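Below is one structure, written out as C-alpha cells; comments come after it.
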Amino acid sequence: MAIENPQPERVNYLNKEYGIGSWLLTTDHKRIALLYLISITFFFFIGGFFALLIRLELLTPTGDLVQADTYNKLFTMHGQVMVFFFLIPSIPAVLGNFLVPMMIGAKDLAFPRINLLSWYIYVIGGVMMLHCMATGGVDTGWTFYTPFSTAFSNTKVIEAGLAIFVAGFSSILTGLNFIVTIHRMRAPGMTWTRLPLFIWAHYATSIIQILGTPVIAITLVLVVAERALHLGIFDPKLGGDPLLFQHLFWFYSHPAVYIMILPSMGVVTEIIACFSRKRIFGYSFVALSSIAIAVFGFLVWAHHMFVAGISVYAALVFSLLSYAVAVPSAVKVFNWTATLYKGSIHYDAPMLYAFGFLGLFTIGGLTGLFLAALGVNMHVHDTYFVIAHFHYIMVGGAVMGYLGGMHFWWPKISGKLYPEGWARLAALIVFIGFNLTFFPQFILGYVGMPRRYYQYPPEFQVLNVLSTAGATILGVGYLLPMIYFLWSMRYGQPAPDNPWNAAGLEWKTASPPPTFNFDEEPVVTWEAYNYDELDAPHKEEVPVAG
Amino acid sequence: MFDNFPLWPQRASTMAGNVDALYIFLLIVSGMMILLIFTAVIFFSARFRHRRGVPAEQIEGSTPLELIWSVIPFVVFMVIFLWGAIVYFKGRTPPRDATEVYVVAKQWMWKLEHAEGQREINELHVPVDRDVKLIMTSQDVIHSFFVPAFRMKQDVLPGRYTVAWFRATKPGSYHLFCTQYCGTQHSGMIGNVIVMEPAQYEAWMSGGVTGPLSATGEKIFAELGCATCHRSDSQGRGPNLQGVFGRPVDLADGRTVTADENYLRECILDPGAKRVKGFQPIMPTFQGLVSEEQVNALVAYVKSLSPAGKSGAAPGPAVAVPVRAAGRAVSKGSQVQ
Amino acid sequence: MPDSSLIHGEVQNPALLHHFAEPQQQRDAASLGMWIFLGTEVMFFGGLFCAYLIYRLKYFGDFAAASQTLNAALGAANTVVLICSSLTVVLAVWAAQHARRTMLLGSLVLTIILGFAFLGIKADEYQEKFELHHVPGASFQFQKSIPGHPDQMANPQHAQIYFALYFIMTGLHAVHMIVGIGIFIWLLYSAWRGRFTPDYYTPMEIGGLYWHFVDIIWIYLFPLLYLIDLHK
Numbered sequence: 001m002a003i004e005n006p007q008p009e010r011v012n013y014l015n016k017e018y019g020i021g022s023w024l025l026t027t028d029h030k031r032i033a034l035l036y037l038i039s040i041t042f043f044f045f046i047g048g049f050f051a052l053l054i055r056l057e058l059l060t061p062t063g064d065l066v067q068a069d070t071y072n073k074l075f076t077m078h079g080q081v082m083v084f085f086f087l088i089p090s091i092p093a094v095l096g097n098f099l100v101p102m103m104i105g106a107k108d109l110a111f112p113r114i115n116l117l118s119w120y121i122y123v124i125g126g127v128m129m130l131h132c133m134a135t136g137g138v139d140t141g142w143t144f145y146t147p148f149s150t151a152f153s154n155t156k157v158i159e160a161g162l163a164i165f166v167a168g169f170s171s172i173l174t175g176l177n178f179i180v181t182i183h184r185m186r187a188p189g190m191t192w193t194r195l196p197l198f199i200w201a202h203y204a205t206s207i208i209q210i211l212g213t214p215v216i217a218i219t220l221v222l223v224v225a226e227r228a229l230h231l232g233i234f235d236p237k238l239g240g241d242p243l244l245f246q247h248l249f250w251f252y253s254h255p256a257v258y259i260m261i262l263p264s265m266g267v268v269t270e271i272i273a274c275f276s277r278k279r280i281f282g283y284s285f286v287a288l289s290s291i292a293i294a295v296f297g298f299l300v301w302a303h304h305m306f307v308a309g310i311s312v313y314a315a316l317v318f319s320l321l322s323y324a325v326a327v328p329s330a331v332k333v334f335n336w337t338a339t340l341y342k343g344s345i346h347y348d349a350p351m352l353y354a355f356g357f358l359g360l361f362t363i364g365g366l367t368g369l370f371l372a373a374l375g376v377n378m379h380v381h382d383t384y385f386v387i388a389h390f391h392y393i394m395v396g397g398a399v400m401g402y403l404g405g406m407h408f409w410w411p412k413i414s415g416k417l418y419p420e421g422w423a424r425l426a427a428l429i430v431f432i433g434f435n436l437t438f439f440p441q442f443i444l445g446y447v448g449m450p451r452r453y454y455q456y457p458p459e460f461q462v463l464n465v466l467s468t469a470g471a472t473i474l475g476v477g478y479l480l481p482m483i484y485f486l487w488s489m490r491y492g493q494p495a496p497d498n499p500w501n502a503a504g505l506e507w508k509t510a511s512p513p514p515t516f517n518f519d520e521e522p523v524v525t526w527e528a529y530n531y532d533e534l535d536a537p538h539k540e541e542v543p544v545a546g
Numbered sequence: 001m002f003d004n005f006p007l008w009p010q011r012a013s014t015m016a017g018n019v020d021a022l023y024i025f026l027l028i029v030s031g032m033m034i035l036l037i038f039t040a041v042i043f044f045s046a047r048f049r050h051r052r053g054v055p056a057e058q059i060e061g062s063t064p065l066e067l068i069w070s071v072i073p074f075v076v077f078m079v080i081f082l083w084g085a086i087v088y089f090k091g092r093t094p095p096r097d098a099t100e101v102y103v104v105a106k107q108w109m110w111k112l113e114h115a116e117g118q119r120e121i122n123e124l125h126v127p128v129d130r131d132v133k134l135i136m137t138s139q140d141v142i143h144s145f146f147v148p149a150f151r152m153k154q155d156v157l158p159g160r161y162t163v164a165w166f167r168a169t170k171p172g173s174y175h176l177f178c179t180q181y182c183g184t185q186h187s188g189m190i191g192n193v194i195v196m197e198p199a200q201y202e203a204w205m206s207g208g209v210t211g212p213l214s215a216t217g218e219k220i221f222a223e224l225g226c227a228t229c230h231r232s233d234s235q236g237r238g239p240n241l242q243g244v245f246g247r248p249v250d251l252a253d254g255r256t257v258t259a260d261e262n263y264l265r266e267c268i269l270d271p272g273a274k275r276v277k278g279f280q281p282i283m284p285t286f287q288g289l290v291s292e293e294q295v296n297a298l299v300a301y302v303k304s305l306s307p308a309g310k311s312g313a314a315p316g317p318a319v320a321v322p323v324r325a326a327g328r329a330v331s332k333g334s335q336v337q
Numbered sequence: 001m002p003d004s005s006l007i008h009g010e011v012q013n014p015a016l017l018h019h020f021a022e023p024q025q026q027r028d029a030a031s032l033g034m035w036i037f038l039g040t041e042v043m044f045f046g047g048l049f050c051a052y053l054i055y056r057l058k059y060f061g062d063f064a065a066a067s068q069t070l071n072a073a074l075g076a077a078n079t080v081v082l083i084c085s086s087l088t089v090v091l092a093v094w095a096a097q098h099a100r101r102t103m104l105l106g107s108l109v110l111t112i113i114l115g116f117a118f119l120g121i122k123a124d125e126y127q128e129k130f131e132l133h134h135v136p137g138a139s140f141q142f143q144k145s146i147p148g149h150p151d152q153m154a155n156p157q158h159a160q161i162y163f164a165l166y167f168i169m170t171g172l173h174a175v176h177m178i179v180g181i182g183i184f185i186w187l188l189y190s191a192w193r194g195r196f197t198p199d200y201y202t203p204m205e206i207g208g209l210y211w212h213f214v215d216i217i218w219i220y221l222f223p224l225l226y227l228i229d230l231h232k
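Shown next as C-alpha cells:
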C-alpha cells in the first residue's frame, strides 16, 4: 500500500533532525520516550524468552529440559528483567515521558537533560544486567532472600544487585521529573482538577518511585557489602537477622507493584472515557484513589511475610491494612464500569484492551483478598496461587493497559495508523492466551504446588500443560503488535491530528507533534473529558480510525 | 478428586476444614463480584454501544454511590479479615500437650527427630488424631515446611526456632514440600507425612530407637560440662535449670523474658545476650561446638526438667499467649473425618 | 534550537531555558527538584538508620563498647567543621544574591577547604580503625568489655555488625561529601567566570541545599555512632 502524501511533510519531532547523534543526545521528551520504548521492548523479549523456557520445562514433571541450577537462574532472571527492566519503567518512561508534558500543555518536562540521563542510567543498568546474565546469571530468585543470596549462592549476586541498584536511579529521576513538571509546568488554566486522570495516576506513581526506590537501593548496597566483605548484617551465624532483609526488601517491593499498576490504571481511564464518549464517572474519587493507593501502599509490606516468622500481632496489623488498600482499587473498578453506563461505546482495539484490563484486574485484585486473608495465606503463600495472582495484575493489568495505551496513542506518537483488524485480533489472542496460562495456576497453587519448582509430583502435570499451552498463545499475541506497529511505521495510513476525536491537550496538536509540542502555548478554559463539546451535534462527527 | 488432575487438595487435618471454609467463602464472594462486574460491563457495552445520533450522557458522578461502594466492600473485607485472623491465630497457636517433633532443615533435606528419639529423613510418621508440634530450625538458609493436605506452612529460619502444629485426621501419606526457595535442589527437598492408626504407629515407634531426645540431651549436658555450673542444688555458678522452662526469667539488664525454646537456644549459642540477673557473665558460647540436632537435644533435656516441658506446653516462641487446652478442636467449618 | 519565547521580541535572561515561560518558574522548578531529591536521600539513608536502630536496641552493650573505640573528640571536631562549612555556604549564597564577588569566591573556597578538612579527619579515623583491626572482614578483632560492666566482654560478632554499619553509614556520607565538594568546585569555577548575578544564582542555591543536607546527615550520625553511653 503506497503512502498517500499530497502535502509536503510537516516538521515534527521525528523528522526534525536525523542521525544517531540527534537521538542519543536529544533532550526532547518524545524522543527519549522512544529510546525507552526500544530498550524496554528489548528486555521484554528477553524476559519473555526466559518465561518460555520455564513453561517448556514445566510441561513434564521431571526436570529434563534444563538442569536445576539453570532453571533457578531462569526464574530469577525472568523476574528481575520483567520487574526492574520492563514493568517499572514501561508506562511511565514511554507513555508518561511522551504524554505528561503534552497533557498539561508544557513544552517539555521540567528537567529534560535529567530525563536523558535517566535513560542512560537505565541503559547502563541494563548492560550490567545483560553482562551478568551472559556470564553466569544469578539464581537467588528476584527477591534475593538472605542468607542464601549473601552467603550461599554461587552465582553473580553482586553484579545483579548492582545492576538493579543502578537502574533504580533511573526510576527515581523519572519520578522526580514528573512531580516537578506536574507542579510547576502546567499551562495557564490547567488547574489540578482539570488534569487528565492519567496525570493523577503518574503523580501518585512518582511519589512511590521517589520514596520507595531509595530503600531497595540501600538494601542492595547492604546485600552486596555483606556478600563481598562477609559481614553479618543478615546472617544469623554472625549475629544478623534474615528477616531484617525481608522487611527492607518488601518496604520497596510492595509499593513497587503500585508503580507497575497505577500508570496502567491511568491509561485505562483515558481509554474508557474516550471510547464511551463521556467524562469518567467520579473524577475526584478516581484521582483521590490513586493518591490513597500510593499512601496506603507503603503500609502493607509485611503481608509478604505472614509465615516468615513475624509475630501473630504484626500479621494482624498488616492484614488489616492490606484490606484498606484494596478499597481504592475496588472504587476505581466501579467507577470505570459506571462510566460505561449511558455512554456511546466504540469497540476499537484500545477499548478491547481496556475491557481485558477490567476483567483481568478484577480477578487479580479479588485474589489479592484471598492472599490478605491470614487463614488462607498460610496455605497458599509461596505456591502457584501467588504467581497467578501477581501475573493477573502485572500482565493482565499492567501489560494490557500498556498495550492499550500504545494502540491509543500510536497515531500521535508515530503519525501512522495501525491496522485495526489485526489489533483487535491480537487483543483477543492475548486475552485468551493469558487466561489459559494463568487461571490453571490458581488451582495448582491451592492443591499445593510450590513456587520455583522445576520438578513436581505427576498429578500436577495436566494443569501445567494447560498453562504452557496458554503461554504459547500469549506469546503469539505479543508478537503481533510488534510486527504490525513496525509495519505501520512504513506502510500505515497517515494519522490525522485527532483520529479518535479524543479529549486532552495532546490531541490538539499535530500527529506526530512538533518538537516543542504546541505552536502556541495553550490556555485551558474547559474541564477534562469535555466529550459533550467534542461530540456536540453541530460538529461533523470525525470518523473513528480503523 | 481426579487422581491425575486434582482440583482440590485432600483434607487431612483439623485446620484443613477451617481454611477451606474461608477459601470457599472467598470464592463465593469473588464469584459474585466477578459476575456483577462482568455482567455490568458486558451489558453496558452492548446496551450503550455507539449509535448514530445518540450521544453519551455526561454524568459527573454520585457521591452516595461512591460511599456505598466503598463502605460495603470495606465491611465485607473486614468480615474476611476477622475470619482469616481467627483461623490464622488458631493455626499458629500450638495446643498444650502436643507431641513434639524437632525438625532441622538443611540444603536439601528434612531431618526430623521425635521427642521419643526416632530419627527420620524426609519422612514424618505421626499417629492420627494427635496434636503434633514441630519445633524447627535450619542449618543454613531459609526453608519452609509445607504440607498442603494439612493447610500448614511455616518458614524455617537459621538461627532460631519457628513452630508449627497440626492434628492429622485421616491416615495416609501426604506431600511434604519445601516451599521457600533454597538453592539447587529446592524442588527435590520433598517428602511425606505418613499418618498412621495408633496401633500401627506404636509398632513403628518401637522399631529401632536410640532413646528419647531428652536422654540424648542429658548425655550431651554431662559431656560438655554444663552440669558443673548448672547444678540442681542452686550452688552452681549458673542458674538452676530445674523448672525453668516455660517460666518468666529476670535478666541482668532489667528485662523479663519467658524461657521458651528460643530462649534456651540463645543461652547456649549466645549466653551474653540475655544473661540472668544475679549471675556473672562467665558462660562460654557453644556456637560452632554443637550441631543443630545437639542443640535440639539439649533444649529437650532442659524442657524435661520442667512440668511444663514434659508435654511441650510452653507458648509458641513468637507470641506470649495462653495456650488452648488439649482436646479435639471443634471450630467453625472444620471437617474432622 | 529556535526559542519560541523570543518570538514576541522580549529580551530574556540567557540562563532561561527554552521550556520555561519565565525565570521564576525555572527557579521554582529547580528548587522543588532539589528538595525532592533530598527527600530521596532521606529514604536512602533511612534504610541504614533503620538497620542501625534495630541492632543497637538488640545489642546495646556490644554497640556501646564498639562505639567507645571511636574518637569522639575527632567526631566532634568534624561536626564543628561541617557546621562552619554550612555557614560559609550560607554566606556564599548571600554573596551571590548581592553580587559580592570577593565574598562569594572566598566563601566558596573556605567551604571547599572545610570539606577537605572533614574528609581528612575522617581518613585519619579510618586509618586508626584499620590499625586496630576494627574493619569488618577476615582480620577483624575486637576485645573490649561492655561499658559499665567491666566483667562482661562484648560479643565480637555483634561489634562487627556495629562496625559494618559504621563504615557503610560514614562511608556513604563521605561519598556524598566528595560529590558535594565536586559540586562546589564547579560552583567556584562558575562564580569565577561571573555566571551568577542577583537575578540568577539558582545553582548556588540548590548546591547549598545539597550541602546543608549532607551536613544534617552528619549531625545525626555523630551522636548515634559516637556518643553511646559515654558517661559509663
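Residue numbers (the numbering used here), protein chains in the order written: chain P, 1 to 546; chain W, 1 to 337; chain C, 1 to 232. Just so you know, even glycine gets a beta-carbon here, dropped at the ideal spot from N, CA and C. These figures come from a predicted structure and were not determined experimentally.
Going by the beta-carbon positions, is the gap between residue i and residue j smaller than 9 Å?
{"i": "P:Tyr446", "j": "P:Thr383", "result": "yes"}
{"i": "P:Leu425", "j": "P:Leu480", "result": "yes"}
{"i": "W:Val302", "j": "W:Val244", "result": "yes"}
{"i": "W:Trp69", "j": "P:Val331", "result": "yes"}
{"i": "C:Tyr59", "j": "C:Tyr162", "result": "yes"}
{"i": "P:Ile363", "j": "W:Ser30", "result": "yes"}
{"i": "P:Ser290", "j": "P:Ala201", "result": "yes"}
At a CB-CB cut-off below 8 Å, which residues of chain C make contact with residue i?
{"i": "W:Gln58", "result": "Here the premise fails: no neighbours, minimum Cβ distance about 33 Å."}
Grab me the residues of residue i's own chain with a C-beta within less than 6 Å of its C-beta, minus the 5 sequence neighbours each way, in chain order.
{"i": "W:Gly312", "result": "Below a pLDDT of 50, predicted positions are generally treated as unreliable, and W:Gly312, at 45, falls in that range; the measurement from the model is reported next regardless. Closer than 6 Å at Cβ, skipping near neighbours: Ala98, Glu100, Lys133."}
{"i": "P:Met400", "result": "Tyr353, Gly356, Phe357"}
{"i": "P:Phe298", "result": "Pro255"}
{"i": "P:Phe198", "result": "Gly266, Glu270"}
{"i": "C:Leu48", "result": "Met169"}
Near residue i, which residues of its chain fall below 7 Å by C-beta distance, leaving aside the five closest residues on each side in sequence?
{"i": "P:Phe43", "result": "Val81, Phe85, Phe86, Gly126"}
{"i": "C:Pro147", "result": "Ala64, Ala65, Gln68, Asp229, Lys232"}
{"i": "C:Ile216", "result": "none"}
How would you list, in chain order, the residues of chain W whose beta-carbon sits under 8 Å from the beta-carbon of residue i?
{"i": "P:Thr337", "result": "Ile37, Ala40, Val41, Phe44"}
{"i": "P:Ser39", "result": "What P:Ser39 touches in chain W: nothing, since even the nearest Cβ is about 29 Å away."}
{"i": "P:Asn72", "result": "Tyr181, Gly183, Thr184, His186"}
Does the beta-carbon of residue i, which I'm using as the reference point, lie nearer than 8 Å to any heavy atom of the ligand NAD?
{"i": "W:Gly309", "result": "What this structure holds is no ligand at all, so the ligand NAD is not there to describe."}
List the residues of chain P whose Cβ lies closer than 8 Å to the Cβ of residue i, in chain order.
{"i": "W:Tyr263", "result": "Within chain P, no residue comes near W:Tyr263; the closest Cβ sits about 15 Å away, beyond 8 Å."}
Report the neighbours of residue i on chain P: residues whose CB is nearer than 7 Å to its CB, in chain order.
{"i": "C:Met43", "result": "Leu211, Pro214, Val215"}
Grab me the residues of residue i's own chain with a C-beta within less than 8 Å of its C-beta, minus the 5 sequence neighbours each way, in chain order.
{"i": "P:Gly492", "result": "Ser414, Lys416, Leu417, Tyr418, Pro419"}
Under 8 Å by Cβ, that's how I've got residue i and residue j pegged, so tell me the actual separation to the nearest angstrom.
{"i": "C:Ala29", "j": "P:Val180", "result": "5 Å"}
Residue i versus chain P: which residues are under 9 Å apart at the beta carbon?
{"i": "W:His175", "result": "Gly448, Pro457"}
task: Count the C-beta pairs between the stretch 447–464 of chain P and the stretch 390–400 of chain P that are closer than 8 Å, then say yes if the count reaches three, no if not.
output: no
message: Below 8 Å, how does it come out for the stretch 498–511 of chain P and the stretch 97–106 of chain P: are there three or more Cβ pairs, yes or no?
response: yes
query: Using 8 Å as the threshold, is the stretch 465–479 of chain P in touch with the stretch 63–80 of chain P, meaning 3 or more CB pairs across them?
result: no
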